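Be aware that the sequence shown starts at 6, since it is given in our numbering, and climbs by one per residue.
These notes concern the structure reproduced below.
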Amino acid sequence: MSEKKRLFLLDAYALIFRGYYALIKNPRINSKGMDTSAIMGFMNSLFDVIRREKPDHLAVCFDKDGSAERTELFADYKANRLETPDAIRVAVPWIQKILQAMHIPCIEVSGLEADDIIGTLAKQAEKEDYLVYMVTPDKDFGQLVSENIFMYRPSRMGNGIEIWGIPEIQKRFGVERPEQVIDYLGMMGDSSDNIPGLPGVGDKTAKKFLQEFGSLEGLLQNTDKLKGKMREKVEDNAELGRLSKKLATICVDCEVQFDEKDYELSLPDSQQVQQLFEELEFRRLKEQFLNLFAPAGTPTIPAGSEGPESVKENPKQAGSGQFSLFGGNSDAPVVEDYTGRKTISEVSHLYQPVEGDMALRLFLQRLEEQPQVCFDTETTSLDPLKAELVGIAFSWEAHKGFYLPFPEERAEADTLIEKLRPFFEKKTIEKIGQNLKYDIKVLDKYGISVEGPLFDTMLAHYLINPDMRHNMDVLAETYLDYRPVPITELIGKKGKNQLSMRDVPVAQITEYAVEDADITLQLSQAFRPELKAAGTESLFKDIEIPLLRVLAAMELEGINLNTEFLGDLSKALDRDIASLEQSIYEAAGETFNIGSPKQLGEILFDKLKLIAKPKKTRTGQYSTAEDVLAVLAKDHGIIRDVLEYRGLSKLKSTYVDALPEQVAPSTGRVHTDYMQTVAATGRLSSNNPNLQNIPIRTERGREIRKAFIPRNKDYQLLAADYSQIELRIIAALSEETTMIESFKRGEDIHAATAAQVFQVPLAEVSREQRSNAKTVNFGIIYGVSAFGLSNQTDLSRTEAKELIETYYKTYPKLRTYISDQIDFAREHGYVQTVLGRRRYLKDINGSNAIVRGAAERNAINAPIQGSAADIIKIAMIRIQEKLQAGAYRTKMLLQVHDELVFDVYKPELEVVRNLIKTEMEQAYSLSVPLIVDIGVGDNWLEAH
């Protein structure tokens with residue numbers, strides 16, 4: 006008699022949640038800031054099953070939209086469950102991608118729970134003479150156990166795996182038959198699923214009733230044998246018990262079908278799995294995977310030849326080296342190489358190049374008739390200032406689109422783009438795109454302005470899920486279950502051998518380019534209801550989209566740079582750095598590599614023995630991190646010199662020497678790129694170069710701002726800066742009367758706070774008292790502790806603690822506001838700004854105190870910092886509208902968080918100064934006035 010085949014069915018979400026919470030105290034965060042704990046936990050469980058059991062057949066079952074039937078029976082079914090953590094939401098598409106690359110079926114049906122899918126498949130497979138193992142920690146599955154169906158409970162917390170057959174179920178639930186587990190659950194309920202059960206019936210009572218009456222129905226028919234209140238409770242809640250039993254019953258006749266061939270564990274697409282693990286930064290899992298599916302050199306069967314049924318043709322693997330299951334089992338099957346996600350070759354589509362005069366005329370006629378069109382430029386460079394148009398793709402109907410190739414000759418390209426001008430400038434047509442700012446900047450070089458409503462899928466998704474990546478490939482795979490053609494298939498990987506898009510044949514580039522436009526169009530359709538559901542539709546339409554145009558204009562304008570001044574500053578820094586080097590060597594008594602943490606640590610702590618117990622890194626060498634040295638700086642001159650040496654070296658390499666290299670040859674100016682979709686708070690980030698992080702606290706740092714100058718002698722730079730906007734926002738949001746009145750009186754808020762806290766007249770506040778009050782004022786926004794405050798001031802920890810307590814007594818509404826914000830975050834999983842921008846806080850209810858504390862600080866800070874970001878965005882949009890409407894020569898150049906910098910045409914100075922001040926101060930109405938300080942000068946430092 007042949008040995009039975011074994012089928013393993015994995016309860017996906019049970020294992021995903023279990024993996025996520027197993028790592029909650031030490032979450033796995035990769036370099037992109039992504040919490041990968043859930044993915045790692047699930048993959049560990051999967052690999053453990055494969056390694057231990059070497060199953061013949063395997064599938065993973067997912068819930069999709071919950072149980073429609075149970076929710077219809079009982080509206081509160083699972084209503085007690087917290088919202089799924091963001092980390093798990095993000096994890097599921099990744100897990101499914103990995104499973105698909107491993108050729109492991111992902112089974113999910115809308116309106117069905119994984120329990121029901123597993124129950125149905127288990128019973129079907131049992132009839133086909135399989136042994137079935139349900140891989141789940143969920144006790145409810147006990148009702149399905151039979152002679153051939155088992156619960157496979159994965160190892161946890163140092164305990165090994167458990168396999169529950171009939172004897173284990175009998176012992177665990179006190180039943181004779183596994184199906185009585187349903188009666189057990191109906192009687193005692195299930196708090197995790199919000200199944201009510203019978204009031205007053207717990208584990209022991211349920212087991213007792215089952216022994217005596219055999220079932221829930223048997224109990225209800227014999228209530229006369231019960232005594233006192235128990236009889237009353239059971240009789241009064243009989244219907245609740247029957248309902249609970251129905252809710253607890255796993256369905257075994259769902260619309261799913263066990264597929265012996267599809268569920269056969271077979272060879273994965275090794276390259277794709279490894280690529281996914283590399284993206285996720287799973288080095289150990291990658292090693293585990295390679296060990297499980299070790300190279301074995303198994304040949305594929307040539308196309309058209311016959312072979313055993315267990316082997317499928319795999320033309321994509323021929324000649325690429327094979328992998329065998331379980332470390333080289335040469336009998337393992339070879340399967341077709343597919344990812345599981347749809348690709349261009351599997352989806353019916355019609356992507357057409359527009360070639361010839363007649364085709365162009367017909368295309369343009371149809372294009373201008375559309376209410377919405379997605380377009381995507383194909384260019385020669387990622388830098389819009391250097392990019393030349395190679396072609397433009399258009400789509401206004403899913404799976405259909407057109408590609409218009411552009412000639413290389415600029416005059417011919419200009420002639421062609423003119424024919425598209427009516428479309429781009431038609432205000433009634435909505436233009437859709439992914440990262441439209443880039444396309445707008447490219448088209449601007451050709452004299453084309455993109456008019457009409459805009460819909461940017463990257464910006465939309467940022468408002469829907471700010472913590473996830475927003476590139477098109479990820480969005481397509483996540484929301485459309487579709488894998489786009491990678492750019493590397495057309496032009497190769499980055500490097501000297503990478504082709505230009507001009508080198509790609511039109512037929513090939515048509516498929517690639519129109520696919521992008523088509524996918525983006527479909528994503529826009531998916532995101533419109535998502536924006537409404539997230540409560541961010543207005544934020545998208547009224548702030549982020551208009552701001553996109555403002556930023557495009559600012560980036561195209563750029564700012565003038567005095568490179569000669571920076572050259573002189575570089576030489577001066579060289580002299581300062583050399584002087585510091587010499588001073589450090591003299592203090593050390595020898596020369597060494599100051600930039601080497603190892604050598605520096607040995608000098609400071611082995612040779613000079615500056616402290617008795619220096620901190621060490623994980624590798625065992627002395628820590629010379631900034632925070633470690635900063636504590637020692639006041640007592641040791643060599644450390645002050647080292648910190649200054651580091652600061653000047655970084656200043657020189659990052660800004661003084663680097664900025665001149667970033668002047669665009671075509672304009673002679675520096676053009677930063679503002680990213681709207683990076684910071685979860687809503688703040689903009691500046692890149693290539695980053696002009697928001699130029700130091701302002703040090704003298705040398707401030708000097709760099711001297712290098713930023715007006716366009717010519719007819720202009721001056723104007724800097725407009727919100728005064729203490731974050732403190733004004735927290736005063737308004739907390740409704741802290743004392744603070745609000747102080748702002749309304751125009752008082753120095755730090756001096757006013759000091760007067761309140763230290764109980765002295767405002768006129769008698771000392772410099773030290775004001776400084777300490779200032780530190781607390783700003784520290785409160787970031788959840789400063791007594792320890793943190795003492796490190797930032799000359800106060801002892803006890804004094805710092807007393808100061809914070811006195812501060813909260815002075816401003817009691819502030820403390821209430823902070824408490825309320827944290828409570829709101831715990832209940833809803835997010836906080837929001839004055840405009841409704843949400844910051845999701847996945848760890849706000851976590852058990853790890855450090856991680857939870859960080860989430861609590863974000864719950865306080867994000868609405869304040871985010872509201873400040875929202876307000877300056879409103880100001881930027883209104884100022885730009887006024888400057889354009891008035892045809893002013895003045896241009897907005899930079900945004901540095903709470904500050905805006907302008908190139909002001911001197912004859913317009915007074916008018917523009919008033920315009921900027923008015924729009925910034927009236928951008929949003931709070932219970933405290935917004936005040937803007939304005940400065941003007943012949944360089945940025947002078948204006949600041």
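The beta carbon of each residue, even a glycine, is placed where N, CA and C say it ideally should be.
Quick caveat: nothing in here was measured; it's all calculated off a predicted structure.
query	result
Quick check on V916: buried or exposed, where buried means 16 or more other Cβ atoms within 10 Å of its Cβ?	exposed
Based on the DSSP secondary-structure assignment, which residues constitute the bridge partners of R674?	N565
Using a threshold of 8 Å, state whether the C-beta atoms of L723 and F907 are closer than that.	yes
Do D581 and L536 have their C-beta atoms within less than 8 Å of each other?	no
Would you mind stating whether E560 and H676 have Cβ atoms separated by less than 8 Å?	yes
Under 8 Å, do L819 and E947 count as touching if we go by C-beta distance?	no
Need the endpoints of the beta strand (DSSP E) that T382 sits in, please.	377–384
Between the Cα of S249 and those of I187, R288, F294, spot the shortest distance and give me the residue it belongs to.	I187
Give me, in chain order, the residues of the same chain whose beta-carbon lies closer than 7 Å to that of L615; leave out the 5 immediate sequence neighbours on both sides.	L609, L637, H641
Touching or not, the stretch 834–841 and the stretch 774–794, by the rule of three or more beta carbon pairs under 8 Å?	no
With C-beta atoms as the reference, is C259 less than 8 Å away from D121?	yes
Please state if the CB of F429 and the CB of F368 are separated by a distance shorter than 8 Å.	no
For K779, I'd like the list of residues in its chain whose CB is within less than 7 Å of its CB, leaving aside the five on either flank, ordered along the chain.	H755
Using a Cβ cut-off of 8 Å (strictly closer), state whether L20 contacts chain C.	In the structure shown, chain C does not exist; there is a single protein chain.
Would the beta-carbon of M139 fall within 8 Å of that of D16?	yes
Go ahead and label P427 buried or exposed: buried means 16 or more other beta carbons lie within 10 angstroms of its beta carbon, across all protein chains shown.	exposed
Would the stretch 863–873 count as touching the stretch 686–700 if we require 3 or more Cβ pairs under 8 Å?	yes
Cα separation between A890 and G572?	40 Å
On a CA-only basis, which of D267, N693, G207 is nearest G179? Give me that one, please.	G207
Which residues in the same chain as E314 place their Cβ atom closer than 6 Å to its Cβ, once the five residues preceding and following it in sequence are excluded?	Unreliable placement is indicated for E314, whose pLDDT of 27 sits below 50; no coordinate value is reported for it.
Can you tell me where the alpha helix (DSSP H) with P715 in it begins and where it stops?	Segment: none, P715 is in no alpha helix (DSSP H) and carries neither H nor E.
Does the distance from the CB of T462 to the CB of L480 come in under 8 Å?	yes
Rounded to whole angstroms, what's the CA-CA distance from I879 to E924? Just pull it up for me.	9 Å
Cutting at 7 Å between CB atoms, please list the residues of its own chain near L574, excluding the five before and the five after it.	V661, E708
Determine the DSSP secondary structure at S42, reduced to helix, strand or coil.	helix
Could you tell me whether the stretch 128–138 touches the stretch 238–252, where touching means 3 or more Cβ pairs closer than 8 Å?	no
Which residue's Cα is closest to the Cα of G124: F263, F294, Q226?	F263
Can the beta-carbon of K442 be found closer than 8 Å to that of L556?	yes
Taking the DSSP output, what are the residues bridged to H62?	L12, E269
Have a look at N850 and G793 and give me their C-alpha separation to the nearest angstrom.	24 Å
Compute the beta-carbon to beta-carbon distance between L409 and G396, rounded to the nearest angstrom, for a pair I have assumed lies under 8 Å.	6 Å
Just the Cα atoms here: how many angstroms apart are I437 and N49?	41 Å
Which residue wins for smallest C-alpha separation from Q175, given the options G205, D547, L215, Q357?	L215
Spatial neighbours of K9 within its chain, please: C-beta separation below 8 Å, excluding the five flanking residues on both sides.	D134, Y135, L136, N153
With a threshold of 16 other CB atoms inside 10 Å of the CB of S691, please say whether the residue is buried or exposed.	buried
Check each candidate in G500, M45, G205, I255 and name the one with the smallest Cα separation from D198.	I255
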